[in-house]
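Q: Here it is, the structure in full.
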Amino acid sequence: PHFIVHLPRSNMDVCFNIDSKPGHILNLVSDSGSGVVVNSQLIGSKRVHKGKLNTYFGTISVYYQPDGVSVTVSTSSIAMTDGRNNHSFTWGATAEITQHGLRISIVKNSHVAITVNNHIQVMVLLHRVWKKHPVNVDFLGVYIPNNNQYSPLVHGLIGQFARDPEVSLYDIHEGLDPLKKEATMEVNGNKLLVTRGWQKDYRQDKRRGSNVYCWFIHNSGKGFIDGHYTDYIVPDLNSFLQMP
Amino acid sequence: ATLTSEEQEDFEAIRGDDITVKSYRVESRITSRFAHTTVRSSVVNSGSKAQSIGFNVQIPKQAFITNFTMTVNDIKFVGSVKEKTVARNLYAQARAKGMAAGIVRANSQDMETFKTEVHVPPNSLIEFELHYQEMMHRKLGFYEHSLYLQPGRLVPHFQVDVYIFEPNGISSVQIPNTLGAQFEELVRVTQTNDKAHVVFKPTLQQQRKCENCSDSAIDGTFIVRYDVKRDSNSGELQVSDGHFVHFFAPSNFSPLPKNIVFVIDVSGSMWGVKMKQTVEAMQAILDDLTINDRFSIIDFNHNVRCWSEELVHGSSFYIEDAKNYVQSIKPSGGTNINEALMRAVQMLVKASNRGQIETRSVSMIILVSDGDPTVGEIKLSTIQKNVKRAMREDFSLFSLGIGFDVDYDFLERIAMENRGMAQRIYANHDAAEQLRSFYRQVSSPLLRKIIIEFPEDSVSDITQNHFDKYFSGSELVVAGKVLPSESNTLTSFTTASAASLDITLETEADTAELDAELAKQQHSFPGFARQMWAYITINQLISERSLAPTAAKKRKITQRIMSLAVEHQFVTPLTALLVEGDDGERLLADSPRDPKHGCCSVPANGLTPSKVVYQPPPWVLMTTTAPPSQVETGPREEQIVPHHINIVDND
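Residue numbers (this note's numbering), protein chains in the order written: chain R, 1 to 244; chain P, 1 to 651.
And the structure:
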């Protein structure tokens with residue numbers, strides 16, 4: 001999956017890819033203070049293409065620990081469980097579901113917005129591909145607003161950027177590909193070689209998406225994210241991140 | 001009734017000095033759960049003498065006859081639905097001129113019989129054609145279409161066709177083997193995504209009871225069971241012919257916890273098989289309870305006893321104890337329904353006041369009774385009032401009437417008035433299975449307080465759209481008229497409460513798409529939405545009528561039912577089918593009544609049992625199988641006056 005992180009203080013978008021294995025669960029947000037965790041399970045394409053097995057978000061889970069409620073969004077359904085009750089919805093209908101402080105808004109065959117206590121929101125976008133496509137599979141996109149109100153304990157691949165890091169960029173120069181400039185980025189005490197590129201935001205136009213120009217961090221976000229991406233692999237969909 | 005050469009040979013082979021049925025064809029066209037069935041029979045009097053020829057069809061009780069035509073030696077009798085009084089007057093006029101004959105419709109368990117007999121000269125050909133329509137109700141995850149087949153004789157051309165068209169797709173079609181092992185391999189099912197065709201066409205030889213028998217082995221109910229595909233929980237909205245139908249049958253919700261008080265009649269009349277089957281059913285029902293459910297059992301005769309004074313959890317300990325208790329019941333004594341129901345309501349009220357009932361749980365009383373009250377309060381209207389007064393909005397009452405000694409209409413009224421439903425249990429059938437099946441229908445409530453709404457000015461004449469509960473495996477249906485609009489879509493909004501959450505669902509439908517699709521279908525029923533709307537509306541009005549508090553209100557409802565029934569050509573309790581020949585001969589088909597029960601009660605609708613009057617024209621004689629004592633000879637004016645309802649026109 002591709003990650004785009006908007007850094008408001010620097011007014012800059014930073015992006016990176018993480019290619020882990022299908023089945024792995026990546027932690028996106030882990031906020032033990034508010035009791036919210038957002039995890040994503042990867043799925044692989046149908047087969048290896050150009051020597052590579054692409055991975056995508058196949059399932060996104062939002063767990064709200066205080067109420068014991070978990071919302072699991074997959075490409076086929078949206079399931080909600082509170083330990084005792086299980087309810088599931090398909091992508092085939094627009095629906096609004098509320099349980100105490102949790103609200104789920106499904107827009108038919110498009111997206112679902114999960115709001116926890118009015119201050120944390122996660123939006124999951126459904127991408128459907130041609131069913132008989134030899135390689136591609138249906139996948140999900142996840143959009144987490146910058147203004148979510150987490151506790152100071154928030155972490156995770158996305159959650160850690162709730163604390164906007166100080167970033168400086170210099171030595172912008174032509175790269176090997178004349179269309180892609182390169183630069184040096186200083187962040188978290190690391191000096192990184194970054195490449196100018198773009199990723200897609202599909203919220204407005206689900207088919208073509210809109211380009212988001214960003215500075216690309218190589219090696220699965222190494223140096224930009226705290227630790228190594230494998231530190232964010234968690235055992236199950238409701239797991240909080242255990243940071244050393 | 002054109003026969004193939006093979007069938008013609010069969011016809012010649014069986015043609016004797018008798019009546020011969022040349023062909024018997026049943027065709028059902030089911031479109032979006034609404035079925036139009038046609039039964040056609042072509043009969044020949046092959047004998048040398050004039051003889052009586054009968055045409056008997058058993059139709060489901062919930063069906064409305066829409067037409068009947070008969071052709072006797074090329075003279076055609078055509079049917080039309082009229083207000084009952086109008087039809088009777090016309091019929092009386094014909095009778096006065098000796099130009100009338102009769103048709104009998106009689107009740108049996110879940111079917112009613114439409115029966116005609118014609119006395120015809122030798123070498124006559126008679127063709128009968130009966131049409132009826134009904135809505136398929138989803139129960140335990142299936143729609144079931146039943147056709148009772150009883151040709152009575154071997155038939156050279158015998159054929160049943162059931163065509164199903166479901167716009168959203170058919171998930172499964174099953175034909176249970178109900179006619180006997182010899183027919184098991186003879187049913188053919190062709191299915192595509194949205195269409196299915198079921199054919200049953202046994203040859204003359206295959207119809208024989210044994211190789212050389214001349215009796216037909218076809219005698220029973222042919223059942224087609226199917227379900228539809230549902231790609232979302234929000235329901236299916238269909239628009240056709242200016243009408244809409246919204247089907248709502250979600251799944252994938254956790255069942256709501258239940259608080260159930262079982263109220264079981266153990267009066268003397270329950271002694272024997274009824275009690276044995278009730279106990280057997282209760283053992284299975286109790287096993288179905290979960291630890292999240294709360295329950296108790298009240299058994300009553302002239303006294304009322306509680307197995308537990310309070311609701312208890314459905315733990316294995318309590319379930320075992322309750323089963324032992326039920327097992328030990330020995331029926332005797334009278335029937336005190338009022339006190340038993342009051343005790344059940346009090347038990348739920350007490351639990352509710354103590355906070356033992358979960359907010360989102362479903363509280364219900366399940367009453368099983370086989371007879372009218374004989375002890376304590378015996379006036380049905382007072383019991384009805386008492387129960388209604390005591391019940392809370394969150395409680396509902398489900399009634400099961402075993403056998404025919406019970407006033408089923410009363411049980412149905414108190415159930416309907418208290419957000420429940422009723423079912424008759426046939427004591428001579430597998431009563432235990434019927435009880436269990438009813439319980440299975442209500443044992444998984446998934447949603448509460450369901451409201452299906454539409455944007456203002458988009459629809460009118462909407463049928464019931466507020467529902468107290470939705471049970472797993474069933475379906476809620478709302479229909480109405482679509483108002484003219486510039487938009488080509490109709491939207492519905494459904495709100496409901498599930499265990500722990502509230503939901504709002506949105507469904508959209510194109511207003512022209514389905515009609516375009518129906519036009520392409522050869523065997524669909526294009527007017528289904530219009531007829532289904534009328535069918536639901538009339539049934540609702542009939543229920544409302546039985547609960548109407550004032551005569552004026554009742555009269556208004558009566559008028560509305562009659563006008564709708566005439567417009568949509570349904571034979572209802574308030575309309576009749578007048579069948580007229582070219583030269584003014586007339587036949588009358590009135591709706592049948594529920595069989596009499598007990599000693600003192602009367603049908604809830606206040607109508608007297610249907611009786612047939614006939615005065616044979618010179619060449620055709622319509623007879624009835626009713627005993628001579630029941631056949632009236634003079635104008636029928638007398639009415640049995642019920643003491644518990646308001647009497648207005650046509651009561």
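Using N, Cα and C, we set each Cβ at its ideal position, and we do this for glycine too.
Just so we're clear, the structure is a prediction, and the values are computed from it rather than from any experiment.
1. For the alpha helix (DSSP H) that contains isoleucine 561 of chain P, what are its first and last residues?
2. Does the beta carbon of aspartate 138 of chain R sit closer than 8 angstroms to a beta carbon anywhere in chain P?
3. For the beta strand (DSSP E) holding alanine 427 of chain P, just list the boundary residues, first then last.
4. Quick one: which residues of the region 70 to 100 of chain R get their C-beta closer than 9 angstroms to a C-beta of chain P? List them in chain order.
5. May I ask you to report which of helix, strand or coil DSSP gives phenylalanine 244 of chain P?
6. Which residues does DSSP pair with tyrosine 170 of chain R in a beta bridge?
7. First and last residue of the alpha helix (DSSP H) that includes arginine 88 of chain P?
8. Just verifying my parser: in three-state terms, what is the DSSP assignment at isoleucine 536 of chain P?
9. Specify, as a first and last residue, the run of the alpha helix (DSSP H) that phenylalanine 11 of chain P falls within.
10. Going along the chain, which residues of its own chain have a beta-carbon closer than 6 angstroms to the beta-carbon of glutamine 246 of chain R, five neighbours each way excluded?
11. At the 8 angstroms Cβ level, is glutamate 211 of chain P part of the contact set with chain R, yes or no?
12. Starting from serine 232 of chain P, find everything on chain R with Cβ-Cβ shorter than 7 angstroms and list it in chain order.
13. Excluding the 5 residues flanking phenylalanine 142 of chain P on each side, which residues of the same chain have their C-beta closer than 7 angstroms to its C-beta?
14. Can you pull the chain R neighbours of serine 472 of chain P, defined as C-beta to C-beta under 8 angstroms?
15. Using a Cβ cut-off of 8 angstroms (strictly closer), state whether phenylalanine 11 of chain P contacts chain R.
16. Of all the CB atoms in chain R, is at least one closer than 8 angstroms to the CB of aspartate 502 of chain P?
17. Roughly how many angstroms separate the alpha carbons of serine 30 of chain R and proline 145 of chain R, rounded to a whole number?
18. Going along the chain, which residues of the region 500 to 531 of chain P sit with their C-beta nearer than 9 angstroms to a C-beta in chain R?
19. Of all the residues that make up the region 247 to 266 of chain P, which are near chain R by a beta-carbon distance shorter than 8 angstroms?
20. What does alanine 498 of chain P touch in chain R if you count any residue whose Cβ is under 8 angstroms from its own?
21. On the three-state DSSP scale, how would you describe arginine 29 of chain P?
22. Determine, using beta carbons only, whether phenylalanine 64 of chain P and tyrosine 439 of chain P come nearer to each other than 8 angstroms.
23. Secondary structure at leucine 577 of chain P, three-state DSSP: helix, strand or coil?
24. Starting from aspartate 287 of chain P, follow the alpha helix (DSSP H) in both directions and report where the run begins and ends.
25. Ordered along the chain, which non-local residues of its own chain (more than five positions away) have a Cβ less than 6 angstroms from that of lysine 229 of chain P?
26. Check whether the Cβ atoms of leucine 654 of chain P and valine 160 of chain P sit closer than 8 angstroms, and answer yes or no.
27. If I follow the unbroken beta strand (DSSP E) through glutamate 129 of chain P, where does it start and stop?
28. Based on Cα-Cα distance, which residue from P:Phe493, P:Ala479, P:Ala512, P:Ser497 lies nearest to glutamate 486 of chain P?
29. What three-state label does DSSP hand glycine 221 of chain R in the structure shown?
30. Helix, strand or coil for phenylalanine 16 of chain R? Go by DSSP, reduced to three states.
31. Which one of P:Thr31, P:Gly54, P:Arg40 has the shortest CA to CA distance from methionine 136 of chain P?
32. Taking valine 73 of chain R as the reference, give the member of R:Asp82, R:Gly83, R:Val62 with the closest Cα.
33. Assuming valine 43 of chain P and valine 21 of chain P form a contact by the criterion Cβ under 8 angstroms, report the distance between their Cβ atoms to the nearest whole angstrom.
34. Determine the burial state of proline 202 of chain P: buried for a count of at least 16 other Cβ atoms within 10 Å of its Cβ, exposed for fewer.
35. Would you say valine 198 of chain P and valine 173 of chain P are within 8 angstroms of each other, going by their C-beta atoms?
36. Check whether the region 525 to 541 of chain P and the region 113 to 133 of chain R are in contact - that is, three or more C-beta pairs closer than 8 angstroms.
A: Taking the geometry as given:
1. Within the second sequence, residue 561 of chain P is the residue found at index 561, counting from 1. Its alpha helix (DSSP H) spans residues 551 to 568.
2. Here the question's residue 138 of chain R lines up with position 138 in the first sequence. No - not a single Cβ of chain P is within 8 angstroms of the one on aspartate 138 of chain R.
3. Sequence index remark: in the second sequence, residue 427 of chain P carries index 427 (1-based). No beta strand (DSSP E) contains alanine 427 of chain P, which DSSP labels as neither H nor E.
4. Ser77, Ala79, Met80, Thr81, Asp82, Arg84, Asn85, Asn86, His87, Ser88, Phe89, Thr90, Trp91, Gly92, Ala93, Thr94, Ala95, Glu96, Ile97, Thr98, Gln99, His100
5. Taking the first residue of the second sequence as position 1, residue 244 of chain P is located at position 244. Strand, per DSSP.
6. As a first step, residue 170 of chain R is located in the first sequence; it is residue number 170 there, counting from the start. In the DSSP assignment, tyrosine 170 of chain R forms a beta bridge with R:Thr184.
7. As a position in the second sequence, residue 88 of chain P is number 88, starting the count at 1. 84 to 96 is the extent of the alpha helix (DSSP H) around arginine 88 of chain P.
8. Residue mapping note: residue 536 of chain P aligns to position 536 of the second sequence, counting from 1. Reduced to three states, the DSSP call for isoleucine 536 of chain P is helix.
9. As a first step, residue 11 of chain P must be located in the second sequence, where it is residue number 11. First-last of the alpha helix (DSSP H) with phenylalanine 11 of chain P: 5 to 14.
10. Since the first residue of chain R shown is 1 and the last is 244, residue 246 of chain R is not available in this structure.
11. Within the second sequence, the letter at position 211 stands for residue 211 of chain P. No, glutamate 211 of chain P lies away from the interface with chain R (no Cβ there is under 8 angstroms from its Cβ).
12. For the purposes of this step, residue 232 of chain P is taken as the residue at position 232 of the second sequence. What serine 232 of chain P touches in chain R: Thr90, Gly92, Ala93.
13. Residue mapping note: residue 142 of chain P aligns to position 142 of the second sequence, counting from 1. Excluding residues within five positions, the ones whose Cβ falls inside 7 angstroms are Arg225, Tyr226, Asp227.
14. Here residue 472 of chain P corresponds to residue number 472 of the second sequence, with the count starting at 1. Simply none; closest approach about 13 angstroms.
15. By 1-based counting over the second sequence, the position of residue 11 of chain P is 11. Answer no: the Cβ-Cβ gap between phenylalanine 11 of chain P and chain R never drops below 8 angstroms.
16. Looking up residue 502 of chain P in the second sequence gives position 502. It does: the Cβ of aspartate 502 of chain P has a partner Cβ on chain R nearer than 8 angstroms.
17. On the first sequence, residue 30 of chain R is found 30 positions in, with the first residue counted as 1. On the first sequence, residue 145 of chain R is found 145 positions in, with the first residue counted as 1. Roughly 15 angstroms separates the two Cα atoms.
18. Hits within the stretch, in order: Ser500, Leu501, Asp502, Ile503, Thr504, Leu505, Glu506, Thr507, Glu508.
19. Asn252, Phe253, Ser254
20. By one-based count along the second sequence, residue 498 of chain P stands at place 498. Asn85, His87, listed in chain order.
21. For the purposes of this step, residue 29 of chain P is taken as residue 29 along the second sequence, with counting starting at 1. Residue state, collapsed to three classes: strand.
22. Counting from 1 along the second sequence, the entry for residue 64 of chain P is found at position 64. Counting from 1 along the second sequence, the entry for residue 439 of chain P is found at position 439. Not a contact, by the Cβ cut-off of 8 angstroms.
23. Here the question's residue 577 of chain P lines up with position 577 in the second sequence. Three-state DSSP puts leucine 577 of chain P in a strand.
24. Looking up residue 287 of chain P in the second sequence gives position 287. Membership of aspartate 287 of chain P in the alpha helix (DSSP H) is indicated by the continuous run 273 to 288.
25. Reading the second sequence from its first residue, position 229 is the one you call residue 229 of chain P. Cβ neighbours of lysine 229 of chain P beyond the five flanking positions: Asn168, Gly169, Ser171.
26. What is shown of chain P runs 1 to 651, which leaves residue 654 of chain P out entirely.
27. Mapped onto the second sequence, residue 129 of chain P falls at position 129. Segment 125 to 135, the beta strand (DSSP E) holding glutamate 129 of chain P.
28. Position 486 of the second sequence holds residue 486 of chain P. For glutamate 486 of chain P, the nearest C-alpha among the options comes from P:Ala512.
29. Numbered from 1 along the first sequence, position 221 holds the residue referred to as residue 221 of chain R. Glycine 221 of chain R falls in the helix class under three-state DSSP.
30. Numbered from its first residue, the first sequence carries residue 16 of chain R at position 16. DSSP places phenylalanine 16 of chain R within a strand segment (E or B) once states are collapsed to three.
31. By 1-based counting over the second sequence, the position of residue 136 of chain P is 136. Per the Cα distances, P:Thr31.
32. As a first step, residue 73 of chain R is located in the first sequence; it is residue number 73 there, counting from the start. Among R:Asp82, R:Gly83, R:Val62, the Cα nearest to that of valine 73 of chain R belongs to R:Val62.
33. Within the second sequence, residue 43 of chain P is the residue found at index 43, counting from 1. Within the second sequence, residue 21 of chain P is the residue found at index 21, counting from 1. That pair is a contact at about 5 angstroms.
34. Here residue 202 of chain P refers to the residue found at position 202 of the second sequence. Buried is the call here.
35. The residue given as residue 198 of chain P occupies position 198 in the second sequence. The residue given as residue 173 of chain P occupies position 173 in the second sequence. In this structure, valine 173 of chain P lies closer than 8 angstroms to valine 198 of chain P by Cβ.
36. no
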